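Numbering (the working numbering), first residue to last: 1 to 551.
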Amino acid sequence: MSLRTRLFQGFAERKETSPPVNGALTQSREGRRTRHFLPPARQNRTGPWSEPALPPTHGSPVTARKLMWGHTFATSKAAGTAVARPVAVLACVQEFGMGIFSALQTAVAGLRAQSFAMENVSGNVANSQTVGYKRMDTSFVDLVIDRPLNQAIAGSVRAQSNQAISLQGDIRPTSIPTNVAINGSGFFSVSQISGFSDGQPQFSESNLFTRRGDFQLDKDGFLVNGAGMYLRGDSINLQGLVTSTNGILRITDTTVPARATQRIEYSAVLPMTAGTNHYNNTNSDTLYDAPPNAPFGGPRTYVSGGPQTPIIGSESADFLNRSISGGSVVVYNSAGAPIDVQLRWAKVDDNEWNLFYQNDASAAPGDPMWTALGEATFNLDGTLATSEFAFAAGSTINGQAIPAGLDFAVGGSGLRQFAVPNNLIQGLSLQQDGYPAGVLQDISVSSDGRISGIYSNGQAFAIARVSVAQFAAPNALKARDGGTFEQTIESGQPVFSPDGARLIGGSVEDSNADIAEEFTKMIVTQQAYSANTRVVTTAQQMMEATINMVR
């Protein structure tokens with residue numbers, strides 16, 4: 001039975017029953033006996049009690065109710081005290097009871113609001129270790145009844161959720177290179193599987209967005225996070241061209257073909273002098289000072305003005321004594337086979353050097369072992385004046401054909417001549433652009449979102465680029481399962497741009513729910529809930545007291 005029903009129960013029982021006979025003795029439910037003496041005006045009337053008619057002049061329902069009770073009280077008072085008292089008490093019951101009933105309703109609304117807040121606290125605590133989770137806060141809105149200024153009362157309350165989506169969690173490094181964290185604003189674009197066709201997964205057309213970046217490669221080459229969401233982005237081929245945009249990323253370039261070397265870039269600092277008269281067996285790079293007329297068997301291929309004919313095998317030892325190492329580099333032919341290129345410099349004048357490469361390491365005494373590649377002359381300040389280097393067409397090294405059109409480049413600042421310690425070559429650098437075939441071994445993610453494949457041949461290629469979605473109002477996104485969000489009218493359309501964000505490979509973003517903060521909220525919410533239960537208890541006691549007024 002509701003409190004409102006109980007409030008008027010006592011009066012209803014009296015109102016709807018026939019009046020007692022004058023002088024009759026009755027017994028109440030509590031056991032009290034009462035002898036009734038009706039006033040003269042009521043002694044000869046029969047039938048149920050009736051209320052006086054509503055006064056003809058009244059305005060609002062509240063005014064009408066007050067006039068009705070006042071008129072009833074005045075009319076009943078004229079009939080006698082026995083009738084006037086219960087009617088007057090009933091007027092007080094309705095006036096006070098409705099305010100208490102409103103207090104009960106407000107307290108119940110407070111209980112509901114605090115329960116809502118506790119539900120959010122519970123969810124935040126439960127997801128405090130969930131990667132990329134965004135906590136749900138609770139705010140309260142007061143509901144005020146429109147009343148005159150001097151009769152205003154504190155209204156009810158309603159709880160509502162506030163998503164802390166834009167609040168970034170801590171970034172934690174992991175040992176998985178495909179894990180990615182966003183440092184700054186933005187979201188990963190992901191999709192769910194909607195089904196399979198011919199054994200291949202089919203994906204939903206709608207984009208979802210997440211900060212959960214614990215992606216890993218599955219058996220089919222897709223990047224999937226811990227919630228089963230598939231990463232979207234731009235696909236890039238091995239030539240660096242974008243083949244699709246904002247599609248499901250799938251790593252298919254698991255091998256790369258061999259590439260023949262097309263260019264060698266050379267840089268070094270050559271010594272000003274050709275060395276001393278001392279030869280150290282442990283240092284084959286020390287030069288002999290060769291007088292212009294020094295006897296030397298065979299053609300003077302490394303002497304200024306002489307023909308640059310090859311060095312035969314029988315002259316190899318003397319050539320090594322009169323030259324310095326120019327380094328070595330491995331180049332590759334079209335099949336990916338390595339070719340070791342050994343280089344040596346021979347000084348032929350004060351500012352002139354000739355460069356040779358070894359064409360046959362096991363040449364017979366009369367066969368060419370070293371072949372001239374070109375020459376370089378220097379200015380007095382040590383800068384390069386002229387240079388000319390080229391492999392002759394059809395050249396071979398140890399029986400392997402040199403890639404056709406192989407370019408040997410030094411550039412204006414790549415080759416210089418200065419006084420250096422021990423008269424040895426300094427600052428040597430040899431780079432070439434060929435490589436053998438390779439297979440995918442690892443993946444890395446750069447700060448601009450490029451996903452690079454690292455292959456067994458030491459090469460790295462950009463094979464994809466992560467799509468980073470930016471929103472004008474990220475906190476207005478709608479939360480979905482798996483730490484994902486979907487766009488709303490309030491959030492605006494996504495703009496795919498890496499601006500405002502820096503991606504960190506091998507890391508993930510942790511939950512932004514703080515256990516200590518959530519426990520503080522829990523205590524405050526519990527106390528507020530208990531206070532509202534106290535209001536309910538007190539209002540119920542007041543209601544009971546009001547009901548007892550008419551018994």
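From the three backbone atoms N, C-alpha and C, an ideal C-beta is built for every residue, glycine too.
Computed from a prediction, not measured in an experiment: that's the story for all the values here.
Distance between beta carbons of residue j and residue i, contact taken as under 8 Å
i: Val341; j: Ile397; result: 6 Å
i: Leu384; j: Leu430; result: With 8 Å as the limit, Leu384 and Leu430 do not qualify as a contact, their Cβ atoms being about 17 Å apart.
i: Ser444; j: Gly505; result: 6 Å
i: Leu373; j: Phe408; result: 7 Å
Rounded straight-line distance, which links the Cα of residue j to that of residue i
i: Val535; j: Ala154; result: 14 Å
i: Lys66; j: Thr138; result: A caution first: Lys66 carries a pLDDT of 44, below 50, which makes its placement in the model too unreliable to give a value.
i: Lys347; j: Glu375; result: 10 Å
i: Arg263; j: Phe391; result: 11 Å
i: Ser316; j: Asn351; result: 24 Å
i: Tyr435; j: Glu265; result: 15 Å
i: Ala335; j: Ile312; result: 30 Å
i: Ile145; j: Thr130; result: 42 Å
i: Trp370; j: Ser323; result: 12 Å
i: Phe224; j: Met136; result: With the sequence shown as reference, residue 224 is identified as Val, and Phe is not the correct amino acid for it. Computed Cα separation, rounded: 25 Å.
i: Lys478; j: Thr488; result: 7 Å
i: Thr282; j: Asn359; result: Residue confidence for Thr282 is low, a pLDDT of 34 falling below 50, so the modelled location carries little weight and cannot support an answer.
i: Asp442; j: Arg259; result: 20 Å
i: Asp349; j: Ala337; result: 38 Å
i: Thr556; j: Ser156; result: Examination of residue 556 is not possible in this model, given that the chain is present from 1 through 551 alone.
i: Gly482; j: Arg112; result: 27 Å
i: Glu205; j: Ser244; result: 15 Å
i: Gly70; j: Gln540; result: Any answer about Gly70 is weak, because its pLDDT of 43 lies below 50 and its placement is not dependable; what the coordinates show is given next. Their backbone Cα atoms lie some 27 Å apart in a straight line.
i: Ser558; j: Met522; result: Missing from the structure shown is residue 558; the chain here goes from 1 to 551 and no further.
i: Gln163; j: Lys134; result: 7 Å
i: Thr525; j: Arg480; result: 26 Å
i: Leu208; j: Ile193; result: 12 Å
i: Asp234; j: Leu143; result: 50 Å
i: Gly449; j: Ala107; result: 53 Å
i: Gly405; j: Trp353; result: 24 Å
i: Thr309; j: Pro421; result: 31 Å
Contact check, residue i vs residue j, beta carbons under 9 Å
i: Gln459; j: Gly438; result: yes
i: Gln432; j: Gly382; result: no
i: Gly366; j: Leu343; result: no
i: Leu217; j: Arg232; result: no
i: Val125; j: Glu518; result: yes
i: Asp510; j: Gly132; result: yes
i: Ala419; j: Gly184; result: no
i: Phe461; j: Leu241; result: no
i: Leu440; j: Ile251; result: yes
i: Asn246; j: Ser189; result: yes
i: Ile171; j: Pro474; result: no
i: Phe140; j: Ala159; result: yes
i: Ile425; j: Ala227; result: no
i: Pro403; j: Tyr332; result: yes
i: Val410; j: Ser395; result: no
i: Ser128; j: Ile515; result: yes
i: Leu270; j: Phe187; result: no
i: Phe389; j: Leu355; result: yes
i: Ser197; j: Met229; result: no
As assigned by DSSP and simplified to three states, the class of residue i
i: Gly482; result: helix
i: Pro403; result: coil
i: Pro474; result: helix
i: Tyr357; result: strand
i: Val536; result: helix
i: Phe612; result: This structure cannot settle anything about residue 612, because the visible part of the chain is limited to 1 through 551.
i: Pro291; result: Confidence at Pro291 is low in this model, with a pLDDT of 40, below 50, so its placement is unreliable and the value that follows should be read with caution. Correct three-state label for Pro291: coil.
i: Lys134; result: coil
i: Ser334; result: coil
i: Pro148; result: coil
i: Ala346; result: strand
i: Pro257; result: coil
i: Gly217; result: The sequence given here places Leu at residue 217; Gly does not occur at that position. It is a strand residue.
i: Val125; result: helix
i: Gly449; result: coil
i: Arg263; result: strand
i: Ala109; result: helix
i: Gly374; result: strand
i: Ile515; result: helix
i: Ala393; result: coil
Please determine if the segment 247-257 and the segment 445-458 are in contact, where contact requires at least 3 C-beta pairs separated by less than 8 Å. yes
Is the segment 489-509 touching the segment 100-107, taking contact as three or more C-beta pairs under 8 Å? no
Give a yes or no on contact between the segment 173-184 and the segment 207-222, applying the rule of three or more CB pairs nearer than 8 Å. yes
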